[in-house]
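Trainee: Using this note's numbering, you'd call the opening residue of the sequence shown number 82 and step up by one each time.
Think of the CB as a built atom: it goes at the ideal place given N, C-alpha and C, for glycine as much as any other residue.
Predicted model only: the values in this text are computed from it and were never measured.
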Amino acid sequence: MTVIQAALLGLLQGVAEFLPISSSGHLVLARALMNLKTVPELFDVILHVATLFVVIWVFRKRIGSLLVSLYRFIIRKSDESDRPNLILTLQLLGASILTAVIGLGISTLNVREDPGIVSALLIVTALILTATIRSRGNRSIEGIGWRRALIIGAAQGIGVFPGISRSGITIGTGMLSGMDRKAAGEFSFLLSLPAVGGAFLLSLKDAAELSSSVPTLSLIAGFAAALAAGYASLKLLLWLIADGRLWV
82 MTVIQAALLG
92 LLQGVAEFLP
102 ISSSGHLVLA
112 RALMNLKTVP
122 ELFDVILHVA
132 TLFVVIWVFR
142 KRIGSLLVSL
152 YRFIIRKSDE
162 SDRPNLILTL
172 QLLGASILTA
182 VIGLGISTLN
192 VREDPGIVSA
202 LLIVTALILT
212 ATIRSRGNRS
222 IEGIGWRRAL
232 IIGAAQGIGV
242 FPGISRSGIT
252 IGTGMLSGMD
262 RKAAGEFSFL
272 LSLPAVGGAF
282 LLSLKDAAEL
292 SSSVPTLSLI
302 AGFAAALAAG
312 YASLKLLLWL
322 IADGRLWV
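This is the structure we're talking about:
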């Protein structure tokens with residue numbers, strides 16, 4: 082893999098990870114065009130880690146608030162004001178567990194990253210987004226409830242299929258279940274943190290393979306491109322959500 086190829090894949094990852102167009106699906110198609118038959122799994126995860134940093138930075142205030150409430154609970158100094166944050170933390174945990182169960186189950190099916198299958202699933206993503214056009218939910222993230230949280234967690238697990246957009250299916254599911262646009266987007270990206278972090282930890286075993294298969298400079302180029310493009314695309318997506326144009 083050349084530096085230019087790695088940078089292009091990173092750029093595509095950064096854009097497609099947040100815009101609801103399936104990063105995994107577009108990466109499969111891009112690799113086919115570049116004639117890259119095999120790419121170490123950890124390289125994919127490194128690109129996801131770059132976009133993970135973007136999510137942490139953009140939602141740093143909410144994440145900080147959740148961590149403070151959790152810390153206060155652990156040291157037994159929490160009060161009623163911490164209750165919404167603690168409930169949300171538990172809901173994110175429960176949804177993440179469901180994501181892991183479904184995602185691992187799907188991964189055992191050895192779903193092929195076939196360009197034809199990916200193209201078909203991209204159409205499914207488009208249909209999900211189209212269904213949100215008339216969505217007028219008003220539930221805030223604090224009022225998401227356990228049922229919605231778990232449904233969105235299950236949707237994220239289904240997003241393991243290449244061609245199904247993780248952000249598209251989770252935000253779309255949230256909106257269709259009655260959440261307002263901003264809340265659905267925020268919950269979706271908070272929910273992505275444990276999923277991407279867990280995938281990174283599981284793929285550390287491939288570190289030796291990565292070091293021998295992808296030059297360090299190519300790795301850095303891919304990471305940097307994903308980081309820059311990810312920040313720009315997340316800001317754009319949040320604007321589209323607020324403006325009611327997720328389906329564009």
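(1) Taking the alpha-carbon positions, what's the Tyr152 to Lys263 distance?
(2) Where in the segment 210-263 do unbroken runs of the alpha helix (DSSP H), each at least 4 residues long, occur, reported from the N-terminal end onward?
(3) Are the beta-carbon atoms belonging to Gly279 and Val135 less than 8 Å from one another?
(4) In this structure, how does DSSP classify Arg157 when only helix, strand and coil are distinguished?
(5) Does Val329 come out as helix, strand or coil in the three-state DSSP assignment?
(6) What are the boundary residues of the alpha helix (DSSP H) that Ser188 is part of?
(7) How should Ser200 be labelled, buried or exposed, when 16 other C-beta atoms within 10 angstroms of its C-beta is the threshold for buried?
(8) Any idea what DSSP makes of Phe281, helix, strand or coil?
(9) Beta-carbon within less than 8 Å of Val329's beta-carbon, same chain only, minus the 5 sequence neighbours each way: which residues are those?
(10) To the nearest angstrom, how far is the alpha carbon of Ser299 from that of Leu308?
(11) For Val241, which residues from the same chain have a beta carbon less than 6 Å from its beta carbon, with the 5 sequence-adjacent residues on both sides left out?
(12) For Leu100, which option in Thr251, Asp261, Leu257 has the closest C-alpha, if you only look at C-alpha atoms?
(13) I'd like to know if the segment 173-184 and the segment 225-238 are in contact, where contact means that at least 3 CB-CB pairs between them fall below 8 Å.
(14) Rounded C-beta distance between Ile127 and Gly303? I'm assuming under 8 Å.
(15) When the distance is taken between beta carbons, is Leu167 closer than 8 Å to Phe154?
(16) Thr180: buried (16+ other C-beta within 10 angstroms of its C-beta) or exposed?
(17) Can you say whether Asp160 is buried or exposed, counting buried as having 16 or more other CB atoms within 10 angstroms of its CB?
(18) Excluding the 5 residues flanking His129 on each side, which residues of the same chain have their C-beta closer than 6 Å to its C-beta?
(19) How many Å lie between Asn116 and Leu92 at the Cα?
(20) In this structure, does DSSP put Phe140 in helix, strand or coil?
Mentor: Taking the definition as stated:
(1) As a working note, residue 152 is residue 71 in the sequence shown. As a working note, residue 263 is residue 182 in the sequence shown. Taking the straight line from one Cα to the other gives about 26 Å.
(2) Within the segment 210-263, the complete alpha helix (DSSP H) runs of at least 4 residues are 226-239, 247-257.
(3) On the sequence shown, residue 279 is found 198 positions in, with the first residue counted as 1. On the sequence shown, residue 135 is found 54 positions in, with the first residue counted as 1. The answer is no: Cβ separation not under 8 Å.
(4) Start at 1 with the first residue of the sequence shown, and residue 157 comes out as number 76. In the structure shown, Arg157 sits in coil (DSSP, three-state: anything other than H, G, I, E or B).
(5) Counting from 1 along the sequence shown, the entry for residue 329 is found at position 248. With a pLDDT of 44 at Val329, under the threshold of 50, the modelled position of this residue cannot be trusted; read the value that follows with caution. Residue state, collapsed to three classes: coil.
(6) Numbered from 1 along the sequence shown, position 107 holds the residue referred to as residue 188. For Ser188, the enclosing alpha helix (DSSP H) has its first and last residue at 164-188.
(7) Your numbering for residue 200 matches position 119 in the sequence shown. With fewer than 16 Cβ atoms within 10 Å of its Cβ, Ser200 is classed as exposed.
(8) As a working mapping, residue 281 is identified with position 200 in the sequence shown. Of the three classes helix, strand and coil, the one that applies to Phe281 here is helix, per DSSP.
(9) Position 248 of the sequence shown holds residue 329. Confidence in Val329 is poor, its pLDDT being 44 and thus under 50, which makes the residue's placement unreliable; the coordinate value appears in the next sentence. Hits under 8 Å: Leu321.
(10) Along the sequence shown, read from residue 1 onward, the residue named residue 299 stands at position 218. Along the sequence shown, read from residue 1 onward, the residue named residue 308 stands at position 227. So the two alpha carbons sit approximately 14 Å from each other.
(11) Taking the sequence shown and counting its residues from 1, one reaches residue 241 at position 160. For Val241, where only same-chain residues beyond five positions count, the Cβ hits under 6 Å are Gly184, Ile187.
(12) Against the sequence shown, residue 100 aligns to sequence position 19. Ranking Thr251, Asp261, Leu257 by Cα distance to Leu100 puts Thr251 first.
(13) Yes, the segment 173-184 touches the segment 225-238.
(14) Residue mapping note: residue 127 aligns to position 46 of the sequence shown, counting from 1. Residue mapping note: residue 303 aligns to position 222 of the sequence shown, counting from 1. With a Cβ gap of about 7 Å, Ile127 and Gly303 count as contacting.
(15) Looking up residue 154 in the sequence shown gives position 73. Looking up residue 167 in the sequence shown gives position 86. Yes. Within cutoff.
(16) For the purposes of this step, residue 180 is identified with residue 99 of the sequence shown, where counting begins at 1. Looking at its Cβ environment, which holds 16 or more other Cβ atoms inside 10 Å, Thr180 is buried.
(17) Locating residue 160 in the sequence shown gives position 79, where the first residue counts as 1. Classification of Asp160: exposed, given that the 10 Å Cβ count is below 16.
(18) The count along the sequence shown starts at 1 and reaches residue 129 at position 48. Short of 6 Å from the beta carbon of His129, and not among the five residues preceding or following it, lie these beta carbons of its own chain, in chain order: Val277.
(19) Walking along the sequence shown from the start, residue 116 turns up at place 35. Walking along the sequence shown from the start, residue 92 turns up at place 11. Near 18 Å, if we compare the C-alpha coordinates of Leu92 and Asn116.
(20) Position 59 of the sequence shown, counting from 1, holds the residue named residue 140. Three-state result, Phe140: coil.
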